[in-house]
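Have a look at the structure below, then the notes.
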Amino acid sequence: MHIQNYINEKLDKLSPRTVAYSISILRQALKHAVVRWRLIPLNPADAVQTPSYKRVKFRALSAEEVEQFLGATEGHQAYAVIYTALYTGMRRGELLGLRWEDVDLTKGVLNVRQQLQRIAGKGYITKAPKTEAGTREVALPSSVVALLRRLKKEQAEARLRLGPAWCENGLVFCLEDGRPLDPSNFSRRFHQLAVDAGFPDLRFHDLRHTHASLMLAAGEKITVVQERLGHEKPTTTAAIYAHAIPGRQREAADRFEEMLQGK
327 MHIQNYINEK LDKLSPRTVA YSISILRQAL KHAVVRWRLI PLNPADAVQT
377 PSYKRVKFRA LSAEEVEQFL GATEGHQAYA VIYTALYTGM RRGELLGLRW
427 EDVDLTKGVL NVRQQLQRIA GKGYITKAPK TEAGTREVAL PSSVVALLRR
477 LKKEQAEARL RLGPAWCENG LVFCLEDGRP LDPSNFSRRF HQLAVDAGFP
527 DLRFHDLRHT HASLMLAAGE KITVVQERLG HEKPTTTAAI YAHAIPGRQR
577 EAADRFEEML QGK
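Quick note: the sequence shown uses my numbering, first residue 327, plus one each step.
Rendered as structure tokens:
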């Protein structure tokens, strides 16, 4: 009863998906209390009604659509974030929390060490990635290195021009005065950009999906994509992006025929 009341209360503030996820964690913890530690006779979370929700299908752009979208957004303040997201597969929080000290433009790599969040009543905070695999090194193509060099130069000029008005946070992607980009506001601006560019159903997280899908479609190894995305296991990457790996069904059919017919 207490758990069901908790669910009903949280549904007034949180999405059904978030509440369902929190209950699944609670159910697993209580399962250990019943089976492993024998602290309670039954799992009370098994008796509650978990909220249902529709799983969001991601949208991956084609190479032609990427070119179209970048062309439509070039010159906008969000362009550098968008471009880097498409070419690295990084999450929104990881990009907005990226610091210059985590970027080596000479070697052409960056290190994902934190993500930016804004919490009501607390302001901006940074948190470590959720998993050990999320803390990772990401190789940068030359076009991203060139983009970041220009951005760093522009920030240096803004720092000199604004003087004391410049807010030094060491962030790669920030407002014109150095302050952090608000994640929610950034997503709203991105949505409007996507609508204006002719992609009304495109979410910012879909840029991450686009990066992974195009890499796999080009024949890149699943383990390489896993490392770039920061997944703990290649099976996670394979489960999400199996559709993007070309020829898998054809290869499986050929192997099956070979096994039966001895070819």
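Each residue gets a CB set at the ideal place from its N, CA and C atoms; glycine is no exception.
If you're wondering where the values come from, they're calculated on a predicted model, not measured in any experiment.
Within the same chain, show all residues whose beta-carbon is closer than 8 Å to that of residue 363, passing over the 5 residues directly before and after it, in chain order. By 1-based counting over the sequence shown, the position of residue 363 is 37. Cβ neighbours of residue 363 beyond the five flanking positions: none.
Determine, using beta carbons only, whether residue 387 and residue 563 come nearer to each other than 9 Å. Along the sequence shown, read from residue 1 onward, the residue named residue 387 stands at position 61. Along the sequence shown, read from residue 1 onward, the residue named residue 563 stands at position 237. No; because the gap between Cβ atoms is not below 9 Å, this pair is not in contact.
Out of curiosity, what's the CA-to-CA distance linking residue 530 and residue 427? Taking the first residue of the sequence shown as 1, we reach residue 530 at position 204. Taking the first residue of the sequence shown as 1, we reach residue 427 at position 101. Whole-angstrom Cα-Cα distance: 25 Å.
Mind listing, in chain order, the continuous beta strand (DSSP E) runs of no fewer than 3 residues lying wholly within the stretch 439-506? 441-445, 449-453 and 462-465
State the beta-bridge partners of residue 364 as determined by DSSP. In the sequence shown, the residue the question calls residue 364 occupies position 38. Paired residues: none, contrary to the question.
So, helix, strand or coil for residue 429, using DSSP? As a first step, residue 429 must be located in the sequence shown, where it is residue number 103. In the structure shown, residue 429 sits in a strand (DSSP, three-state: E or B).
Residue 475 versus residue 438 - alpha carbon distance: Residue numbering aside, residue 475 sits at position 149 when the sequence shown is read from its first letter. Residue numbering aside, residue 438 sits at position 112 when the sequence shown is read from its first letter. Using only the alpha carbons, I get a separation of about 18 Å.
Would you say residue 559 reaches chain C, if we count a Cβ-Cβ gap shorter than 9 Å as a contact? The question asks about chain C, but that chain is absent: this structure has only one protein chain.
Using a Cβ-Cβ cut-off of 8 Å (strictly less than) and excluding sequence neighbours within five positions of residue 346, which residues of its own chain qualify? By one-based count along the sequence shown, residue 346 stands at place 20. Counting only Cβ-Cβ distances below 8 Å, and skipping sequence neighbours, we find 376, 377, 378 and 379.
Inter-stretch contact at 8 Å, needing at least 3 Cβ pairs: the stretch 443-453 / the stretch 505-513: yes
Looking only at its chain, what residues have a beta carbon closer than 7 Å to the beta carbon of residue 395, apart from the 5 residues adjacent to it on each side? Here residue 395 is taken as the residue at index 69 of the sequence shown, counted from 1. Closer than 7 Å at Cβ, skipping near neighbours: 387, 523 and 525.
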